[in-house]
Each structure stands twice: as structure tokens, then as C-alpha cells.
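Protein chains in written order, with our numbering: chain X, 1 to 113; chain A, 1001 to 1112.
Notes follow the structure.
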Amino acid sequence: KAGVTQTPRYLIKTRGQQVTLSCSPISGHRSVSWYQQTPGQGLQFLFEYFSETQRNKGNFPGRFSGRQFSNSRSEMNVSTLELGDSALYLCASSTGPVTGELFFGEGSRLTVL
Amino acid sequence: SQQGEEDPQALSIQEGENATMNCSYKTSINNLQWYRQNSGRGLVHLILIRSNEREKHSGRLRVTLDTSKKSSSLLITASRAADTASYFCATDEQSGNEKLTFGTGTRLTIIP
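Pasting the structure below:
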């Protein structure tokens, strides 16, 4: 069974631009969560989707948004990028409760210049 | 915000020695999990311990949970170079906020 796939793995943007990151969960997993990881703040929860519905959202500004498609694939978007958005964005999928075992992708490393 | 605080922040030991890292958290939990992250990669689930459990084993891993002290420890026995990674605890809070909250992590380095 293929693992969680995140694309792109690396990207560089400039301030003010927007970015879209993609996540394909493990086949059969309907829950997808997104996390931002930075050296200063650690792992911060962004949002979680289940069956195309956002079930939970972390404490991030409205510039951060996401969605989930009918095949459970998920995208997150960050608009009007700021330097502080530079981070490793991690996607995780799970079969059942989002508070159980999570299966993580390798992440998308975003650098904002 | 961080629920868990790992201690120590960094740990270096010789290969073959045991490594112990600790996690303290603030609110009552349903379960606590440990994850490993190799540098710049995704996290890998290691073990989950429920609030009504006190100890759990998986291979060379031993996890304990003390809910009265709101703390957990992860012991890795007979360490190997491949164990070099960052280790995070993650808690499922009883408040029902339906998410895992990760700690700050312990950076473990195994010296060959």
C-alpha cells in the first residue's frame, strides 16, 4: 500500500505570492490533517478534513485554507505569503479518529523569500 | 500552543546504551503517542498508550504513563545509530478538541 504522498517536496516563493500544496492519503483513509512545523513553534495543527468537510481548524489566520476532494485527496493554500510562513508543511492521514495513529507524508518544504 | 514539553531537548549517547526521554503535559488526556522524525522528514508513529494504561512495550521501546503527574517517558534500549532522530510526544486531550497536540521534541543522537 502506498504511503501518504505530498507534492511538491520543495518550493521557493516570494512574499505576497500564494502557494498550493497537495496531499494524497493512504488508500482508504478518509481523514487528512495538516500541520506546520517550524524551529520556533514546533508542530502546529492547521486543520483536519473528513469526507470533504473541515472538522477542525487550528489557530491560523484566514490566509491558510484547505479543502478535500471526493477521492480524499487534500490541498492547502496559503495566500499573501509572509516570511514567517517558511516551514515544513506536513500532511497526515488516518482511518479512524484523528486522535489515533497518524500516517505522515514526507512534507512540503516551503521557503518564502 | 504546545501541550507537551519534552525533556531533555537534546540527548547524545553511545551506541548500545539506553536512551530515556520524558514528556510532560498540561491537561487530562485520552491517549498519548510517541512519534519519531528523521531530519526534515515526516513523522513515524511509534506507540500509543491509553490513559488507563501504565506501561507498554514495542520491540526495544518501553513507554510509561503517569496520569497523576501528567507525564510519560520513552525508553529506547540497546540504542543503534539508526535511532538518531527527533522524538515527539502527542496528546489527545479530554477537552474534545479532536486533534493531536505535539510536544517540543527531543533530539537524540547516537554516537557509533
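From the three backbone atoms N, C-alpha and C, an ideal C-beta is built for every residue, glycine too.
Could you list which residues in chain A have their beta carbon closer than 8 Å to that of residue i, in chain order?
i	result
E52/X	Within 8 Å Cβ-Cβ: nothing; E52/X doesn't reach chain A, min ~17 Å.
T99/X	N1030, N1031, D1092, E1098, K1099 and L1100
E48/X	E1098 and K1099
How close, in whole Å, do the beta carbons of residue i and residue j come, if the pair is a contact with beta carbons under 8 Å?
i	j	result
S70/X	E52/X	6 Å
I1049/A	N1030/A	Their Cβ separation, rounded to whole angstroms, is 11 Å, which puts I1049/A and N1030/A out of contact at 8 Å.
S1098/A	T99/X	Going by the sequence as given, residue 1098/A is Glu instead of Ser. Right, their Cβ atoms sit about 6 Å apart.
List, in chain order, every chain X residue whose beta-carbon is nearer than 8 Å to that of residue i.
i	result
G1059/A	None at all; the shortest Cβ gap to chain X is about 16 Å.
R1041/A	E106 and G107
Please list, in chain order, all residues of the same chain as residue i whose beta carbon is under 6 Å from its beta carbon, the five residues on each side excluded.
i	result
S1001/A	Its pLDDT being 48, under 50, S1001/A is placed unreliably in this model, and the coordinates cannot settle the point.
R73/X	S24
If the cut is a Cβ gap below 7 Å, which residues of chain X does residue i touch?
i	result
T1104/A	G42
Among residues of its own chain, excluding the 5 on either side of residue i, which ones have a beta-carbon nearer than 7 Å to its beta-carbon?
i	result
Q68/X	V32, Y49, E52 and S74
S93/X	V4, P25, I26, H29, S31, V32 and F103
A1085/A	R1036, Q1037, N1038 and L1108
Q44/X	Y35, Q36 and G58
In chain A, which residues lie with their C-beta within 7 Å of the C-beta of residue i?
i	result
R55/X	E1098
L21/X	Within 7 Å Cβ-Cβ: nothing; L21/X doesn't reach chain A, min ~14 Å.
So which residues on chain A does residue i lean against when the C-beta distance must stay under 9 Å?
i	result
L102/X	Q1033, Y1035, L1043, H1045, A1090 and L1100
F64/X	Under the 9 Å cutoff, chain A gives no residues; its nearest Cβ is about 15 Å from F64/X.
Using a Cβ cut-off of 9 Å, pull out every chain X residue sitting near residue i, in sequence order please.
i	result
L1048/A	G100 and E101
In the segment 32-74 of chain X, which residue ranges form an unbroken alpha helix (DSSP H) of at least 4 residues, counting only runs that do not cross its ends? none
Would you check if the segment 1052-1064 of chain A and the segment 1007-1016 of chain A touch, i.e. whether three or more CB-CB distances between them fall below 8 Å? no
Give, in chain order, every unbroken run of the beta strand (DSSP E) that is at least 3 residues long and sits entirely within the segment 1035-1111 of chain A. 1043-1050, 1055-1058, 1061-1066, 1071-1076, 1085-1093, 1100-1102 and 1106-1111
Are there three or more Cβ pairs, one per stretch, closer than 8 Å when the segment 89-104 of chain X is compared with the segment 1035-1046 of chain A? yes
Taking contact to mean at least 3 C-beta pairs separated by less than 8 Å, is the segment 1085-1093 of chain A in contact with the segment 1011-1029 of chain A? yes
Is it a yes or a no for the segment 85-99 of chain X touching the segment 33-42 of chain X, going by three-plus beta-carbon pairs under 8 Å? yes
Please specify which runs of the beta strand (DSSP E), each continuous and at least 3 residues long, are wholly inside the segment 71-98 of chain X, giving them in chain order. 74-78 and 87-94
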